[in-house]
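Add 1 to the 1-based position in the sequence shown for this note's numbering, that's all there is to it.
This report refers to the structure that appears directly beneath it.
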Amino acid sequence: MRRTPTKVLGLALVTTALVLLSACAPTADPGAASPTPTAVGSQTPTGVTAESSPKECDDVDLIADAKVTGEALSACVIAFSRAAGSGHLHLQSADLTGEADFLFGDAPATSGSFTGSDGTHDFVLTPTEAWVSFDGAWVRADKTSSDYRAVIAATVGQAYRAFADRSAAAALLAAAPGWTVQPDQDTVSLPDGTDVRAWRVHADGPFSAFGVEVKDMTVWLGQGHRVVAIQQTGAFGGIETTTMQQFTAWGEPVKIEVPKG
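Given below as structure tokens:
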């Protein structure tokens, strides 16, 4: 039985997590389907770890009860991610877990995997290609294919590119009615074994953007406005879920291997 909704949801969650930080330009649709790849390419980041706050974060005061506009928070998060250039995402929801390395900049890319009720799927998304593995075999995106796997890959690739537009990424966080820095800092335990002190910035109310109804959302920002974690409860396509996204390895080297048929 084809559990396509689960596969689409899993990739959509990972894509949404990266979209919240993305600040790159849209690109063309992926190409046609091809067999299991036999060659790989790679990309490497050019950014460095952001040790101090970007100037775009000047309007995001990390002090208790500070009010922050959606536009200011969006600009800050995007600026930090672009300054770092690369990082690693860990995603957890009730039914899915995911891991991804990512690159920001003029040639955005991400690769990783997610595990759900129907197993583990790897994925690679670049400005021009989208690949997803099914039962260990890579499938390249093709929205016109009769192969449902290629259509799933195309759907995810198109979403990644559409939301990767800088204005779209900005609109997601900016859509909130406002944000408030909560009292005191939290100690956030990250998957890499480190503990980070971070301010909890909470949305002042529910909001919607691009078909996603967000009921609740919190962004954790650390020293230098480092993006530490994002938690949100929202619904897309009638499916509601709560996801926790944690970010590590900001600015560290990342290699994205691109399958080639």
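Beta carbons are placed, not taken as given, at the ideal position from N, Cα and C, and that holds for glycine.
Can you name, in chain order, every residue of its own chain whose Cβ lies under 6 Å from the Cβ of residue i, other than the five neighbours on each side?
i: A250; result: G88 and H89
i: A230; result: V189, W221 and Q247
i: D193; result: T249
i: A71; result: Reading off the sequence shown, one finds Gly at residue 71, where the question assumed Ala. If we look at G71 and ignore the five residues flanking it on each side, its Cβ neighbours are L174, A175 and A177.
i: A110; result: Q44, L104, T127 and I257
i: A40; result: For A40, the predicted model reports a pLDDT of 29, less than 50, meaning its position is unreliable and no value from the coordinates is stated.
i: D123; result: S114 and S134
Distance, Cα to Cα, residue i vs residue j?
i: T181; j: P260; result: 43 Å
i: G113; j: H91; result: 10 Å
i: L126; j: V152; result: 14 Å
i: A85; j: I257; result: 16 Å
i: W139; j: P254; result: 25 Å
i: D119; j: S54; result: 41 Å
i: V157; j: D59; result: 34 Å
i: G137; j: T121; result: 9 Å
i: A154; j: S134; result: 9 Å
i: D217; j: G252; result: 29 Å
i: H203; j: F211; result: 20 Å
i: L97; j: L191; result: 18 Å
If you drop the 5 nearest sequence neighbours on each side, which residues of the same chain put their C-beta closer than 8 Å to that of residue i?
i: D62; result: V69 and V182
i: S209; result: A176 and V215
Taking DSSP as the reference, what is the three-state secondary structure of residue i?
i: P38; result: Confidence in P38 is poor, its pLDDT being 34 and thus under 50, which makes the residue's placement unreliable; the coordinate value appears in the next sentence. P38: coil per DSSP, three-state reduction.
i: E253; result: coil
i: K56; result: helix
i: G117; result: strand
i: T28; result: Note that T28 has pLDDT 33, beneath the 50 cutoff, so the model's placement of it is unreliable and the number below is only indicative. Coil.
i: F105; result: coil
i: V138; result: According to the sequence shown, residue 138 is Ala rather than Val. Three-state result, A138: strand.
i: T243; result: strand
i: A230; result: strand
i: S87; result: strand
i: S94; result: coil
i: F211; result: coil
i: E72; result: helix
i: S112; result: strand
i: L191; result: coil
i: V268; result: Since the displayed the chain opens at 2 and closes at 262, residue 268 lies outside it and no answer follows.
i: T181; result: strand
What is the C-beta distance between residue i and residue j, in whole angstroms, given that I count them as a contact (C-beta under 8 Å)?
i: V228; j: F115; result: Going by Cβ atoms, the distance from V228 to F115 rounds to 20 Å, so no, they are not a contact pair.
i: A65; j: D185; result: 7 Å
i: G238; j: V215; result: Between V215 and G238 the Cβ distance is about 14 Å, and since that is not below 8 Å, they are no contact.
i: T219; j: S94; result: Not quite, the Cβ-Cβ distance comes to about 15 Å (not below 8 Å), so this is no contact.
Relative to the C-alpha of residue i, which residue among the options is closest?
i: T195; options: D185, A67 and G223; result: G223
i: G117; options: E100, G212, A67 and A110; result: E100
i: I200; options: K56, A67, D60 and V157; result: In the sequence as displayed, the identity of residue 200 is Trp instead of Ile. Per the Cα distances, A67.
i: P207; options: D123, Q233, A154 and D59; result: Q233
i: A73; options: Q159, G179, S134 and A154; result: G179
i: V213; options: H203, T242 and D143; result: T242
Apart from the five residues on each side of it in sequence, which residues of its chain come closer than 7 Å, Cβ to Cβ, to residue i?
i: R198; result: Q186, T188 and G223
i: E57; result: A76, C77 and A80
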